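Accompanying notes for the structure given below.
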Amino acid sequence: MKAWTWRPISDVSVAALNRAARRLPTWVVYLLGALPGPVVFYQGLTGGLGPEPIKALEHALGLYALQFLLAGLAISPLRRLAGLNLIRFRRALGLLAFYYVSLHLLVWLLLDVQVPAAIWADLVKRPYITVGMAGFLLLLPLALTSNSFSIRRLGRRWRQLHRAVYAAVLLGALHFVMLRKGLQIEPLIYFSLAVGLLALRLPLPRVCRKAE
Amino acid sequence: MARRWTNDLTTADVTPEALFLNRRQLMTGAAATGLGLTLGRPAGAAEEMPAPNSWEDITSYNNYYEFGTGKSDPAENAHSLITAPWSIRIDGLVDRPGDYDLTDILAKMDLEERIYRFRCVEAWSMVVPWQGFELADLLDLAGVQDAARYVAFETVLRPEEMPGTRYPVLDWPYREGLRLDEALHPLTIMATGIYGKPMPNQNGAPIRLVVPWKYGFKSIKSVVRITLTDQEPYASWNAYNPREYGFYSNVNPNVDHPRWSQATERRIGGGLFARRSPTLMFNGYEDEVAVLYEGMDLATYF
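Quick mapping for you: the protein sequence lines, in order, are chains C and Z.
One point on numbering: in full-length UniProt numbering, the residue at position 91 of the first sequence is 91, and numbering is uninterrupted.
One point on numbering: in full-length UniProt numbering, the residue at position 95 of the second sequence is 95, and numbering is uninterrupted.
Written out as structure tokens, the structure is:
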């Protein structure tokens, strides 16, 4: 480990966590990560989301998507700064984010707006919808090329392509900030997290590298 | 001088709470079996005869940002608001300014039931059976002077009882305003109850304004001050974002909010497969109030 890295937890526990992570099959992450989708839908059907379940479902799914995107973005800083290696779960986190974005979009289309003409009008006239949709469209090719075949086939270009997730997470967080009434804290926290996780990827200034 | 306006809905049209809840269970069951799209419509779907929402819907889905910005926050947090004793300061261009105790006010008022459509600017709606009296009668107590043109309202601000006011979501206290003719219109009431019960805190206890042809945020809750002025008063949402929230904020399906269409609305309580229904001009009160806005461009004065 580099001398300047943060050590919030001891090297021993990081090693233990890394060992545990190596033993955890990725399908467990897919399963547990996907579960809140059907659960929240069932709650909507049975009154668990309150008197207006459509918006509640739509918002819950959108929030899960943003949370998984942020979790995916945290993987490489965690390895670099804390020595925690969760890289084998990154594809699962990204695909789960895409799964929730898709469900969020479907609920918006089918349950919320309902009328095709109104959908188009919203897309072109409402900036927060446009921003959200742009985020979804950016994620689409990433989800399609998330398989091992595409990674081998695209080689270096795969890495370049998948940097689009940086823009997608910013668009997603911006979409969240834009849709609230009044000055509200929750969307701003998500937006700051997104900006922070992206900032960690910027080349470090010299002062920080001095101790290396 | 009550009874200027007569309801076309009566208590007989109110779905008994128990029956309403049964119907919701039926609809939920139907939705689960795939029949929800037809059964999920508000019963009858007739614009003239909407079934009022259940007590549960009306008291658990609220916008009252002083208690939090989530829809369920007011129901969870508003119990901390102390609503008795309560008085309303009526001042400005009136003959008898002063603090009017709510008990004294109510002793002079004739409470009526008004079953009104309630349309939120966020494109959802309910039907609420209010009890209250006409604002005009309250203003008569204080004696409106000839120079008055507008009425300003203010919500109580007690940070220790209202956790949401710790955050600068809006510039507290919440304030709203009406033109004097709007305030004196017989549809405009001060409500003190719902379904014959005292106003729940989350709905604006102990007394709130209800202006049924305007977006819900105009119907200011827990009123502690009413000021008659000759100038258009400060209105919280209008001041926060004048492009999105106009001073008038009349329900108008033809003038969209910049971020969403106002052409349709979703009735609360229809479940996961509720269909949208068309929004009515002035929320269905066009015959009664259109005359107030004759000659005004409603796209400019939105």
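Glycine included, every Cβ here is placed at the ideal spot set by N, Cα and C.
Note that the structure is a prediction, hence the values are computed from the model and not measured.
According to the DSSP secondary-structure assignment, residue 278 of chain Z is paired through a beta bridge with Z/264.
Judged by DSSP in its simplified three-state form, residue 118 of chain Z adopts strand. DSSP places residue 44 of chain C in the helix class (H, G or I) of the three-state scheme. In this structure, residue 131 of chain C lies near residue 171 of chain C, with their beta-carbon atoms less than 7 Å apart. Under the three-state reduction of DSSP, residue 185 of chain Z is assigned to coil, being neither helix nor strand. Fewer than three Cβ pairs drawn from the segment 109-120 of chain C and the segment 246-255 of chain Z lie within less than 8 Å of each other, which leaves the two stretches out of contact. With 16 or more other Cβ atoms inside 10 Å of its own Cβ, residue 117 of chain Z counts as buried.
Bridge pairing for residue 190 of chain Z: Z/133, Z/209 [DSSP]. The C-beta of residue 195 of chain Z comes no closer than 7 Å to any C-beta of chain C. When the beta-carbon positions are compared, residue 80 of chain Z and residue 99 of chain Z stay at least 7 Å from each other. Going by beta carbons, residue 112 of chain C and residue 54 of chain C fall inside the 7 Å limit.
Of all C-beta pairs linking the segment 89-104 of chain Z to the segment 126-144 of chain Z, three or more are shorter than 8 Å, placing the two stretches in contact. What residue 183 of chain C touches in chain Z, judged by beta-carbon distance under 7 Å, is 168, 169, going in chain order. If you check each beta-carbon in the segment 56-75 of chain Z against every beta-carbon of chain C, the ones closer than 9 Å belong to 56, 57, 58, 60, 61, 63, 65, 69, 71, 72.
Annotation: residue 133 of chain Z has no Cβ neighbours in chain C at a cutoff of 9 Å; minimum Cβ distance is about 28 Å. From the beta-carbon of residue 269 of chain Z, the residues of chain C found nearer than 7 Å are 51. Bridge pairing for residue 225 of chain Z: Z/89, Z/154 [DSSP]. When the Cα atoms are used, residue 119 of chain Z and residue 293 of chain Z turn out to be separated by approximately 19 Å. Residue 185 of chain C and residue 78 of chain Z have their C-alpha atoms some 20 Å from each other. Residue 132 of chain Z is positioned such that its CB atom lies no closer than 7 Å to that of residue 152 of chain Z. The segment 98-107 of chain C and the segment 55-64 of chain C touch, with no fewer than 3 CB-CB distances between them shorter than 8 Å.
Within chain Z, no residue has its CB atom less than 8 Å from the CB of residue 67 of chain C, the nearest being about 17 Å off. Residue pairing by DSSP puts residue 197 of chain Z in a beta bridge opposite Z/194.
Against chain Z, a Cβ distance below 8 Å from residue 54 of chain C picks out 266, 272, 274. Chain Z has no Cβ within less than 7 Å of the Cβ of residue 60 of chain C.
In the DSSP assignment, residue 128 of chain C falls within the unbroken alpha helix (DSSP H) covering 127-144. A direct Cα-to-Cα measurement between residue 102 of chain Z and residue 196 of chain C gives close to 52 Å.
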